[in-house]
Structure formats: C-alpha cells, structure tokens
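Participant:
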Amino acid sequence: MPLLNRSVRLAAALLFTLLGACTTLPTQEFAAYKDAFAKARMAGEEVLVDHAALRAQRAELETRASLAAGAKPPPRVVPFKPEEIMLAGQAVDHVAVRFRAWEVVARYNEALTRLAEGKSSQDVVSAVDGLVQSLSDFPLDEIQGLATSIAPLRIIIAEAERERSRQEFLEVLAKGSPLIKDHFIKLLRDDTGDFRNLKLGLNTLQYNPLLRQVGREVRRCETLANAHAQTEPMTGLRNGINAALMRLPTDQAERSPVPAMTYTAAKETVPFTPFAQNALQQCKDGVDDAVERALAKHAEMVAYDEVLKAYLVLLSKVAGSLTAVEEAARKSTPSAPPSRELLGAFITLRQTLLSLRTKE
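Throughout the sequence shown, residue numbering follows my numbering, covering 5 to 364 in sequence.
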C-alpha cells in the first residue's frame, strides 16, 4: 500500500509538471482585443447615428421648402391603419443597413476569435451560427452582387458544420475574409463620401447666410466711414475690420468670400468726431461677431471632416484586426491578436466625435 501511494504521488507530480509546461491561454490579451473591437464598433456606429440625424434634418428642410413652395401641409388627423404601419416598419432603412453591416463584421470577428482562443467545437459552431444568421438577415438588394457572393459561403459553412472540424471552420472563415472586407467594410468605407456631401450641404445652408451677414456689416461700416473725413483712428478701425475678414476661409481661387472694406469719401464729408468713432467701433464689433459665428460654423464642418478621417482609419484597423485574428487562429497554441492599434483608432475617433459635439 505505501508503494502504491508513493506511485500515485509521483504520477500526480509528473502530471502537474506537464500541465505547468503547457502554454497557458492569454486570457487578458483576448479580453483586451474583444474589448477594443467592441469599442471600435460602438464608435463606428456613433458615426452612423450622426448621419441618421443629418438625414432627418435634411428631410425636415425638404418638407419646409415644399410647404414654402405652396404644397399643402399634412392633415392634423389621418386614418390610423395598423397593417400599413407594420408594413412600413419592415422597410429597410438606409442607415439600418449600415448597422447590420457592422453586425456581420462583428459576428465574423467573434467566430475567428473563438477559433483563436481554442474554444470547443460547440462554441465555434454557436459563433458561426450567429454569422450565418446575420448574413441571412442582411438585405442583399442593398449591395449589388452581394447575394451571389454570400450564397457559396453559406454552403461552405454548412459543410463545415457537418464536419465539426476546427480546421474546416478556419478554412471556411478564411474564404469569407474577402467577402467581409470587400463588401461589408467597403460599404461602410464608401459611405463616407455621401456622409460628407450631406453634412457639407447642410452646413453650407447655414454658413452662407452667416457670410452674407458679415458682408452686410462690412458695407454698413463702409457707408458710415465714407460719410466722414478720413483720420488715423478711422484707418485703424478699417484695418481691424479687414484683418477680421482675412480670418475667413478663402475659396478655391484663394479669394476672400467677403470683399474688404474700402474708403471712398462722399462728396460732402463731416469730421470724424469721437461720437462717429464710437459708432464705427460698434460697427466693427458687429463685423467681429458675425465673423466669429461664420468661423464657428466652418469649424463644425472641419471637425466633421476629422471624424470621417478617424472613422476611415478605424475601418482600416478593423480590417487589419480581422487579418490578425485569422493568423492567430492558425497557430497551434492560443494566441491573442494585438489590440493596441485598434484601441488607438477608437480613442482617436471618440476624441474627434467629442470635439464635433462642442462645435455643433
């Protein structure tokens, strides 16, 4: 019996030694990667929410313009038809499609990550099922040619599910990589041109009237100054006004959007009294205020451009992270993909979004 106990103890010690020599799962690294990806998705979807708000703003402006053109306003009381309302609710919204694209990308990432973590076949199958479901729910008509790309992938995934093989799943998901990057991430990337055009159009609708207000203030100052004999204090105020105009963004020909203030004495002038100087100073203050409001509206557009730039970088990092997690999944031992660049892209996008909020 003592000999048997000694043998058991030796076997146990050997077992623990072997287990200790095995590569441990980098749990913290995987958690960091999954957290970074979730944050990246959240920030990316915030850009979509902003775009949805801009689309609603445009729709409101179009309605106002239609009413101003003589269109009849909608009646206060309309028939309530539940069936029609339910059918209308099933229509796929432009922005909702983009949210679903993010869902597909996230599901794909989840499936790859579970493979990289060395999860059980059942866990991998669950993640792949989620990917298949998100692909099935995606409105294929929204992306031309996508249906023909997804159909073969579904068949391949189904075959891998029958095999229940980790390697089979890996090969299937690897074949899906071009689909995810060339269709879904490309859809999100290509949207940015439309996003900017919409924002620029709405911003310009507010910016141009502000420029016209600057012009009116300058001409008012000009009229006031021309009625008086030119003096050094008047010249100083005029130079100050023109310096403010120089702060406005120029057009493509590098011309100021508001002509500079000039002095052309009237046929009969009066002395530039302290009272007149005070009036011109107040007029200059009006110019300064109008310029500041125009610059603030321009700064909002610049901030939105920075958001889109950061969003594009984020999408690039997301695509790169999918490649990294695929490479990690191919390794014989669990290996977490790097998360630093993806997290950095998230932080930059969040900072640009916060900056935009302060300017809106």
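All C-beta atoms in this analysis are idealised placements derived from N, C-alpha and C, irrespective of residue type, glycine included.
Kindly indicate the opening and closing residues of the alpha helix (DSSP H) around residue 186.
Facilitator: Taking the first residue of the sequence shown as 1, we reach residue 186 at position 182. Note, residue 186: premise wrong, no alpha helix (DSSP H); not H, not E.
Participant: With DSSP as the reference, label residue 274 as helix, strand or coil.
Facilitator: If you number the sequence shown from 1, residue 274 lands on position 270. Looking at residue 274 - three-state DSSP - the assignment turns out to be strand.
Participant: Report all residues from its chain with a CB closer than 8 Å to the CB of residue 209; omit the five preceding and five following residues, and keep chain order.
Facilitator: Here residue 209 is taken as the residue at index 205 of the sequence shown, counted from 1. Hits under 8 Å: 65.
Participant: Which residue's Cα is closest to the Cα of residue 243: 225, 259 and 113?
Facilitator: Taking the first residue of the sequence shown as position 1, residue 243 is located at position 239. When only C-alpha atoms are compared, the closest one is 225.
Participant: If I'm right that residue 340 touches residue 30 with Cβ under 8 Å, what's the distance once you round it to whole angstroms?
Facilitator: The sequence position of residue 340 within the sequence shown is 336, counting from 1. The sequence position of residue 30 within the sequence shown is 26, counting from 1. Confirmed, about 5 Å.
Participant: Can you give the Cα-Cα distance for residue 102 and residue 331, rounded to whole angstroms?
Facilitator: Position 98 of the sequence shown holds residue 102. Position 327 of the sequence shown holds residue 331. Each residue's alpha carbon lies about 27 Å from the other.
Participant: Pair every Cβ in the stretch 246 to 263 with every Cβ in the stretch 274 to 281, then say whether three or more of these pairs are closer than 8 Å.
Facilitator: Cβ pair count under 8 Å is below three, so no.
Participant: Within 10 angstroms of the Cβ of residue 265, are there 16 or more other Cβ atoms? Answer buried if so, exposed if not.
Facilitator: Mapped onto the sequence shown, residue 265 falls at position 261. By the 10 Å Cβ count, residue 265 comes out buried.
Participant: Per DSSP, residue 232 is paired with what?
Facilitator: Translated into the one-based positions of the sequence shown, residue 232 becomes position 228. According to DSSP, residue 232 bridges with 274.
Participant: Assess, as a yes-or-no matter, whether the stretch 176 to 192 is touched by the stretch 276 to 296 under the definition of 3 or more beta carbon pairs within less than 8 Å.
Facilitator: Touching, no, given that fewer than three Cβ pairs across the two stretches are closer than 8 Å.
Participant: Starting from the C-beta of residue 343, find all residues in its chain whose C-beta is less than 6 Å away, skip the five residues before and the five after it, and write them out in chain order.
Facilitator: As a first step, residue 343 is located in the sequence shown; it is residue number 339 there, counting from the start. 36, 37 and 40.
Participant: As an exercise, report each continuous beta strand (DSSP E) stretch of at least 3 residues that is fully enclosed by the stretch 179 to 261, in chain order.
Facilitator: Runs found: none.
Participant: At which residues does the alpha helix (DSSP H) containing residue 140 begin and terminate?
Facilitator: As a position in the sequence shown, residue 140 is number 136, starting the count at 1. Run containing residue 140: 125 to 141, per the alpha helix (DSSP H) assignment.
Participant: Spatial neighbours of residue 349 within its chain, please: CB distance less than 6 Å, with the 5 preceding and 5 following residues excluded, ordered by chain position.
Facilitator: Here residue 349 refers to the residue found at position 345 when the sequence shown is read from its first residue. The answer, listed in chain order, is 317, 318 and 321.
Participant: Shortest alpha-carbon distance to residue 262 belongs to which of 47, 219 and 110?
Facilitator: As a first step, residue 262 must be located in the sequence shown, where it is residue number 258. The shortest Cα separation from residue 262 among 47, 219 and 110 belongs to 219.
Participant: Which of the three DSSP states, helix, strand or coil, is assigned to residue 349?
Facilitator: Numbered from 1 along the sequence shown, position 345 holds the residue referred to as residue 349. Residue 349 falls in the helix class under three-state DSSP.
Participant: If we ignore side chains and look at the alpha-carbon of each, how far apart do residue 227 and residue 267 end up?
Facilitator: Numbered from its first residue, the sequence shown carries residue 227 at position 223. Numbered from its first residue, the sequence shown carries residue 267 at position 263. Between residue 227 and residue 267, the C-alpha separation is close to 9 Å.
Participant: Specify whether the stretch 200 to 216 and the stretch 111 to 120 touch according to this definition: at least 3 beta carbon pairs, one from each stretch, less than 8 Å apart.
Facilitator: They do not touch, by the three-pair rule.
Participant: Does residue 335 pass the burial test, meaning 16 or more other C-beta atoms within 10 Å, or should it be called exposed?
Facilitator: Start at 1 with the first residue of the sequence shown, and residue 335 comes out as number 331. The residue is exposed, with fewer than 16 neighbouring Cβ atoms inside 10 Å.
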